[in-house]
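There are 2 protein chains.
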Amino acid sequence: MSELDRLFMDRALELAARGVGSTAPNPAVGCVIVRDGRVLGEGYHHRAGEAHAEANALAAAGDARGATAYVTLEPCNHVGRTPACAQSLIGAGVARVVIGAADPNPKTDGGGIRALRDAGIRVDVLADARAVQLIEPFAFAVRHDRPFVALKMAMSLDGKASATQGTTTAITGEAWRLFVRDLRIAYDAVMVGAGTIRVDDSQLTVRPPSHRLRPYTRVVVCETDAVPASSNVFRGVADYARTIVLAPAGARERFGELDAVANVTFVGAASDAQLDLRAAMRALRDAGVQSVLCEGGPTLGARLLAGGLVDRVYWGVAPRFFTAPRAVPVLAGANLATLRESVRFDRVEMIGEDALLTGRVHV
Amino acid sequence: MSELDRLFMDRALELAARGVGSTAPNPAVGCVIVRDGRVLGEGYHHRAGEAHAEANALAAAGDARGATAYVTLEPCNHVGRTPACAQSLIGAGVARVVIGAADPNPKTDGGGIRALRDAGIRVDVLADARAVQLIEPFAFAVRHDRPFVALKMAMSLDGKASATQGTTTAITGEAWRLFVRDLRIAYDAVMVGAGTIRVDDSQLTVRPPSHRLRPYTRVVVCETDAVPASSNVFRGVADYARTIVLAPAGARERFGELDAVANVTFVGAASDAQLDLRAAMRALRDAGVQSVLCEGGPTLGARLLAGGLVDRVYWGVAPRFFTAPRAVPVLAGANLATLRESVRFDRVEMIGEDALLTGRVHV
């Protein structure tokens, strides 16, 4: 990758970021059309059903003959609700296409790249780490029957979620709060366990609101018992989809009260008094959720990990100590000592006064 | 600071690093003499009693008239076992002195800088963060009656030191092991609690051995009971000082066996059955230890924190999970929830596959 290629791919990634949170079930994509070092046109995918990034950039460029197109994701070569982008690029007469990440969809199987090359266009696939991470949830969801699940937890340096049971301790700082806000925007849904609703009674909204176009989904995982129908998470908010409650089919009678305020999705057999978490994640996928950000609590986090259902962790470590007889550990209620999964950190840095450790979970 | 100043201060810091671990009770110092952008001479302080960095650099330079001296620490202006460096620089006719960090010794009180300026030499004090951190333990020890104490712990992402009680779990990777080796070299003493000796039976040595010149000190903190005299930490090793055992004066009869293999230092009154940790740290300072690296275990770490006796933490976070019924928390046995201390992270980064979080502890 030349310096100039890096510069224009950076710009395409910046453009793609504007669509993050609004494009599902499509991934966010950005595109820049360049000739002789000069930008002719820029574009990004705004939302599903609307023009793709390449179409927007080509329209802005006007005449793109002999130009280079920088696009964060391999151009599609199928006609859906919009024309095939590979064909549009060929038709526009571009000389070269630089691709950030190949299309992970097995149905595509390099079709966009092949079509461009067959038309005599030079194609460079960068496999850029940021371009790959941009489509991480999308790449996962097209290959699996459940959503991409990220687990976000915050803890003290000594591994405690809070100093005392049953209370919320403000543990991380303001910069971390804004980081989590951006995460909530990037994921299709925000999910917590029933215990967290009972203790925190959080609304799970994005504040201040973002530019995000489509409704947010909030998910409450009830492993056995329901939560109060008066919980804040059920309060209707403009731009928010109805909250989804995942509940065991065998406990149906305990969830009657929630029908009026939430989408209660019963999972498993009528004999299941406990929630089958894997089946619950599949149910979310069926509801159109490609990516979930789980924000705890300690029991749900541990059970998701124990079930091999976590694909990325975002760990916030606050620069303080909470060890005490009634302190709440960051994970609890499952045995993870024999877990084969471990994390490969890909980003370890300070977020304000706190530390962020994030990485993919690998078996 | 100009680009050139930064370059030569970087070089002086590199030179200083060669003395780390060998210069106590003096700090490590490096010096570069430069004229017209050309290095005339370099030097560093090798060990206490021998020539200072400035003297070595001036000797290497020969004629230093009109030159700039880059020195990581304010030059001394007192005649000790060696001549005063400020006077040597004045005598050599240097035109400018660039200082990385001011001398933290209240007895010096800027005397080196004043002497240089009074002689008409231009002096720039950079307060460079790395130069300040290089002398952190020294700076602390000259102002307090106890050593600078760093607490180094390793834990899983869920805050566990090991997966089961009474065993050692290999938790962090090879790069972290080498990082800890370098830490052991940089501190005057390596310290652990009795429980860690009983479980790990570590020798607490530096492997592979370093260039370090003076003997290493190993410290075992026995809060109530002694450890076996056959423990590896008492094995005589060339270049290692006799191991210091800190024990409560009231438990003297339990430590008879250790007299033959260690320097048993009894702390407190004859009625003290439990160790007074603050008094124990003072005793270490009296034994010439300016800086201590405590490597656990969980109880000693927590008790040092609870006592306000930790000045820096080095936290290693391994990318795995150990939550389980018998898992050992990274800190235990003290109540830290009401602690006023918190950490100010100054370095958060990956060390191989693990994450390092380090920072000063502030009240």
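As they're listed, the protein sequences go chains V and Y.
Read in order, the letters of the first sequence correspond to residues 1 to 363 in my numbering.
Read in order, the letters of the second sequence correspond to residues 364 to 726 in my numbering.
For each residue, glycine too, the CB sits at the ideal point set by N, CA and C.
In this structure the stretch 325-343 of chain V lies against the stretch 291-301 of chain V, because at least three pairs of beta carbons, one per stretch, are closer than 8 Å. Taken through DSSP and simplified to helix, strand or coil, proline 248(V) comes out as strand. Against chain Y, the beta carbon of lysine 160(V) has neighbours under 8 Å at Gly522, listed in chain order. Between threonine 72(V) and alanine 48(V), the C-beta gap is not smaller than 8 Å, which leaves the two residues out of contact.
No Cβ-Cβ contact shorter than 8 Å links valine 395(Y) with leucine 421(Y). For the stretch 685-702 of chain Y, the set of positions with a beta-carbon nearer than 9 Å to some beta-carbon of chain V reads Phe685, Thr686, Ala687, Pro688, Arg689, Ala690, Pro692, Val693, Leu694, Ala695, Gly696, Ala697, Asn698, Leu699, Ala700, Thr701 and Leu702 in chain order. One alpha carbon belongs to threonine 82(V), the other to aspartate 145(V), and they sit about 26 Å apart.
In this chain, the alpha helix (DSSP H) harbouring glutamate 3(V) covers 3-17. For valine 562(Y), the closest alpha carbon among the candidates Ala552(Y), Val553(Y), Gly529(Y) and Val584(Y) is that of Gly529(Y). In the displayed model, proline 25(V) falls within coil according to three-state DSSP, outside both helix and strand. Excluding its 5 nearest sequence neighbours in each direction, isoleucine 135(V) has C-beta neighbours in its own chain below 7 Å: Pro27, Leu73, Ala101 and Pro104, listed in chain order. Interface residue (Cβ-Cβ distance to chain V less than 8 Å): glutamate 712(Y) is classified as such.
Of the candidates Arg320(V), Gly301(V) and Ile113(V), the residue whose Cα lies closest to the Cα of alanine 665(Y) is Arg320(V). Out of Gly352(V), Ile351(V), Arg344(V) and Ala67(V), the CA that lies nearest to the CA of serine 519(Y) is found in Arg344(V). By the rule that beta-carbons nearer than 8 Å mark a contact, tryptophan 678(Y) touches chain V. If you compare the alpha carbons of Val97(V), Val98(V) and Leu116(V) with that of glutamine 87(V), the shortest gap goes to Leu116(V). DSSP, read as helix, strand or coil, puts glutamate 716(Y) in coil.
For the stretch 133-148 of chain V, no residue has a beta-carbon sitting nearer than 8 Å to a beta-carbon of chain Y. Beyond the five residues adjoining it in sequence on each side, phenylalanine 629(Y) comes within less than 8 Å, by CB distance, of Ala610, Pro611, Ala612, Arg615 and Phe618 in the same chain, given in chain order. As DSSP reads the structure, histidine 362(V) sits in a beta bridge with Ser342(V). Methionine 1(V) sits exposed, since fewer than 16 C-beta atoms from the chains shown fall within 10 Å of its C-beta.
Selection Arg477(Y), Val553(Y) and Arg428(Y) evaluated against asparagine 440(Y) yields Arg477(Y) as nearest (Cα-Cα). Contact check for valine 348(V) against methionine 713(Y) passes: the beta carbons are separated by less than 8 Å. Taking the C-beta atoms as reference points, valine 584(Y) is found no nearer than 8 Å to leucine 672(Y).
In this structure, the beta-carbon distance from alanine 287(V) to leucine 336(V) does not fall below 8 Å.
Under a 10 Å Cβ-count criterion, glycine 475(Y) is classified as buried, with 16 or more other Cβ atoms of the shown protein chains found around its own Cβ.
Cβ contact annotation for valine 495(Y) (same chain, cutoff 8 Å, sequence separation greater than five): Gly463, Ala464 and Ala502, in chain order.
Of the residues assessed, threonine 721(Y) falls on the buried side of the cut-off, its CB having 16 or more other CB atoms within 10 angstroms. No Cβ-Cβ contact shorter than 8 Å links glycine 483(Y) with glutamate 716(Y). Between the alpha carbons of glycine 425(Y) and glycine 404(Y) lies a distance of about 8 Å.
Annotation: lysine 515(Y) to valine 655(Y) spans about 10 Å, alpha carbon to alpha carbon.
The beta strand (DSSP E) runs of length 3 or more contained entirely in the stretch 393-472 of chain Y are, from start to end of the chain, 393-398, 401-407, 431-436 and 459-464. Contact between valine 457(Y) and aspartate 674(Y) does not hold, since their C-beta atoms are separated by about 35 Å, which reaches or exceeds 8 Å. Glutamate 417(Y) and alanine 432(Y) have their C-alpha atoms spaced approximately 8 Å apart.
The continuous stretches of alpha helix (DSSP H) do not include glycine 288(V), and DSSP gives it neither H nor E. In this structure proline 147(V) touches alanine 141(V) by the C-beta definition: roughly 6 Å separates them, less than 8 Å.
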